[in-house]
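Asker:
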Amino acid sequence: MSQKTFSEASYGPLCNLTIGFCILTLTPMLLGIVHGTAVAGAFPIIFCAFPIMVIAVVKMIKQGDLIGGTTNAVCGAVVMGQNGFVALMHLIYSAAGKEMPPEVALGNAWFSGFAFVIVGLILGYLTFLLLQVNKGTAACIGIGAVGMFAFGVYFFLNIIGNPIMIVGLIGAIGLFVLAAHMIFDALKSYLPSGE
-19 MSQKTFSEAS
-9 YGPLCNLTIG
1 FCILTLTPML
11 LGIVHGTAVA
21 GAFPIIFCAF
31 PIMVIAVVKM
41 IKQGDLIGGT
51 TNAVCGAVVM
61 GQNGFVALMH
71 LIYSAAGKEM
81 PPEVALGNAW
91 FSGFAFVIVG
101 LILGYLTFLL
111 LQVNKGTAAC
121 IGIGAVGMFA
131 FGVYFFLNII
141 GNPIMIVGLI
151 GAIGLFVLAA
161 HMIFDALKSY
171 LPSGE
């Protein structure tokens, strides 16, 4: 039972831990306990996590893990980065004592909706590919795909003024399952080989 050396260690677990951590820290917002604009309070966490994700993604691609690197880049760094910049926008407007203009908020809702739907479709395709390799992982990724897709739909429902809370709840549950799987999978990879 030997520990992995630094040179052969993958950066995937670091990326998974960071993304899973960020998803779980957004729990109050995902469950509707706090208003969506409260994401400004999560800016310090996302700001600290974003560079870690970017570095890990670049290292994964350099190590030849194109699928893991690309997936984490799109589904992790881009989505978390987008959340970080939305948080920064809310923070800037709040510091200036102003509300975000309705046109900006509406545009953000459309872009966020499409982003979540697209990530849901990407994760759905990965689920299909993973069914051949690991059904447990495929199930967790598939539930995460449904969660991402549901959040995209929830954004669109908010735009038309008809938010259906069960759709948001499905999204939150899907993301919680995905985050738990990412964290568990990452921690498992740190065990000495042979365990």
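Using my numbering, you'd call the opening residue of the sequence shown number -19 and step up by one each time. Even glycine gets a Cβ: it sits at the ideal position worked out from N, Cα and C.
Would you check if the stretch 91 to 108 and the stretch 67 to 76 touch, i.e. whether three or more CB-CB distances between them fall below 8 Å?
Answerer: They do not touch, by the three-pair rule.
Asker: Over the uninterrupted alpha helix (DSSP H) stretch that includes Gln112, give me the two end residues.
Answerer: From DSSP, Gln112 is part of no alpha helix (DSSP H); its letter is neither H nor E.
Asker: What are the uninterrupted segments assigned as alpha helix (DSSP H) that are 4 or more residues long and contained completely in the stretch 24 to 66, given in chain order?
Answerer: Segments of the alpha helix (DSSP H) lying fully in the stretch 24 to 66: 46 to 52.
Asker: In angstroms with no decimal places, state the Cα-to-Cα distance between Ala160 and Val133.
Answerer: Each residue's Cα considered, the two are about 23 Å apart.
Asker: Compute the distance between the beta-carbons of Ile102 and Leu158, then report whether it is under 8 Å.
Answerer: Contact: no.
Asker: Would you mind stating whether Phe96 and Phe65 have Cβ atoms separated by less than 8 Å?
Answerer: Their beta carbons are not under 8 Å apart, which means Phe96 does not touch Phe65 by this criterion.
Asker: To the nearest angstrom, how far is the alpha carbon of Thr117 from that of Ala89?
Answerer: Roughly 30 Å between the two C-alpha positions.
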